[in-house]
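FYI, this note's numbering numbers position 36 of the sequence shown as 30, with every residue one higher than the one before it.
The C-beta atom is built at its ideal place from N, Cα and C for all residues, glycine as well.
Note that the structure is predicted; figures quoted are calculated from it, not measured.
Working notes, beginning with the structure itself.
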Amino acid sequence: MEQKNPAPGFLATCWTTAGDVMPLRTGPLSPIPLRQRIQAAAEAGYTGIGFGIEDVVSARDEHGYRQIEAMLLDHGLNHLELEYLDSWWTDTPEATATRTALLEASSALGAHHIKVGAGLLGQIVDKGSLQERLHALAEQAARAGVKIALEAAAFSMLPNIQRAAELVRAVDHPNAGLLLDIWHIYRGGTPYGALGDIVSPGSIFAVELDDGLALPSENLYEDTFDHRKLCGHGDFDVVAFIKTVRALGYTGPWGVEMMSIDHRRLEPEKAARLALGAAADCFTAAIPTSIERISS
């Protein structure tokens, strides 16, 4: 009998279920209660979910960590991603408070990884200092039982996956790894076929799927938040990306990070369902025997 590929797990990243929120315009807090987002993700078929730390802190103050953990477990969401830590190489009050909150929440809720960024394009930080501070952050994360997943955002000082992979290799810590977001890899100009020469399989802590047009709008930050497409509805060739990442040996859940003006207007239940249906269709096209179609 032919052996089928195992069905993948999918993780609804923070913005996929967050509703009408765009940090630079509205602030980071989602208007959708955490419980509703958890239920929406579970009913759509996800096995994991992501939250911004501001939403977790708000829910903690209302319910406590134990109740949040119970919500996740009751809905079968066993893979948790928390975000977003930037300026981790500094000791500013804001960075310190965010780092402390993320590590505390990760430890309390059993998060798999914390998503971290790398500042702004053109920002200059000494390479040795970055290595030292990322290693220190990974040490703190290890004590909290969580991993650090570095995202090479196209509008950051690590604007492509090559730069981020070099930093992670130099840090050489088991709790410091990479997040591969197709949007940033495509916008960063890295051919998918080159990933095998850039990324070591064991360093991939998380993957995110989405889609977009071949040419971005003028502002990359607005492009990533306002103009993404459902997987398979743009020019990124999501199927080829899935095949490439699987060939690298990645076996973890696949994050689905859908952000657009239209997506933010949807109720979280429909938003979660549409995003997952499109991602699952791409996965089926990439590995036909791996998954039954999730209807949208």
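task: Look up E75 in the DSSP assignment and give the residues it is bridged to.
output: G44, H107
- request: Determine which residues share a DSSP beta bridge with W250 and list them.
  value: According to the sequence shown, residue 250 is Val rather than Trp. The partner list for V250 (beta bridge, DSSP) reads A6, L203.
Any 3 or more C-beta pairs closer than 8 Å across the stretch 107 to 120 and the stretch 140 to 153: With a cut-off of 8 Å, the stretch 140 to 153 and the stretch 107 to 120 count as touching, because enough Cβ pairs lie within range.
query: From T20, Q61, H107, pick the residue whose C-alpha is nearest to that of F45; which is it?
result: That would be H107, whose Cα lies nearest to the Cα of F45.
- prompt: Near Q30, what residues of its chain come up, given a Cβ to Cβ distance below 7 Å and the 5 sequence neighbours on each side ignored?
  reply: P262
- request: Under 8 Å Cβ to Cβ from N169, same chain only, skipping five residues before and after it: list those, please.
  value: A132, E133, A135, A136, V140, K141, I142
query: Do the stretch 9 to 18 and the stretch 253 to 273 touch if we need at least three Cβ pairs shorter than 8 Å?
result: yes
task: Mind the definition here: the stretch 122 to 130 touches the stretch 66 to 79 only if three or more C-beta pairs lie below 8 Å; say whether that holds.
output: no
message: Suppose contacts are defined by Cβ-Cβ distances below 9 Å. Is H227 in contact with A272 by that definition?
response: In this structure, H227 sits near A272, with a CB-CB distance shorter than 9 Å.
message: So for S289, helix, strand or coil by DSSP?
response: Confidence in S289 is poor, its pLDDT being 42 and thus under 50, which makes the residue's placement too unreliable to answer from.
message: Whole angstroms are fine: how far does the CA of I198 sit from the CA of K295?
response: Not covered by the structure: residue 295. The range shown for the chain is -5 to 290.
query: Given that a residue counts as buried once 16 or more other Cβ atoms are within 10 Å of its Cβ, and exposed if not, what is R181?
result: buried
field: Length-filtered (3 minimum) beta strand (DSSP E) runs lying within the stretch 161 to 233
entry: 170 to 175, 198 to 203
query: If you measure from the CB of R19, is any heavy atom of the ligand NAP nearer than 8 Å?
result: As for the ligand NAP, it is missing from this structure, which has no ligand bound.
Presumed contact (8 Å Cβ cut-off) between W83 and R93, rounded CB distance: Not confirmed; about 11 Å, so no contact.
field: Pairwise C-alpha distance: S100 and G183
entry: 33 Å
query: Who does L144 pair with in a DSSP beta bridge?
result: V110, L172
field: CA-to-CA distance, L74 to G293, given in whole angstroms
entry: As displayed, the chain neither begins before -5 nor continues past 290, which places residue 293 out of reach and without an answer.
message: Taking the alpha helix (DSSP H) that Q134 belongs to, which residues open and close that run?
response: 121 to 138
query: Can you give the beta carbon distance from L207 to D229, rounded, assuming they're within the 8 Å contact cut?
result: Right, the Cβ-Cβ distance comes to about 6 Å (below 8 Å), so this counts as a contact.
- request: Could you name the residues of the same chain whose beta carbon sits closer than 7 Å to that of P282, not counting the 5 residues immediately before and after it, in chain order?
  value: none
query: Hey, how far is the Cα of H69 from the Cα of K121?
result: Taking the straight line joining both Cα atoms gives about 43 Å.
N- and C-terminal bounds of the alpha helix (DSSP H) containing M65: 59 to 68
field: Simplified DSSP state of I255, which is helix, strand or coil
entry: helix
- prompt: Using the beta-carbon count (16 or more within 10 Å), is S24 buried or exposed?
  reply: buried
query: Measuring CA to CA, which of L209, G196, N213 is closest to V239?
result: G196
- prompt: Alpha carbon to alpha carbon, how far is A95 from V110?
  reply: 13 Å
- request: Would you grab the beta carbon distance between L71 and W248 for me? Rounded to a whole angstrom, and I think it's under 8 Å.
  value: Between W248 and L71 the Cβ distance is about 14 Å, and since that is not below 8 Å, they are no contact.
- request: Mind checking which residues open and close the alpha helix (DSSP H) that includes G271?
  value: 262 to 280
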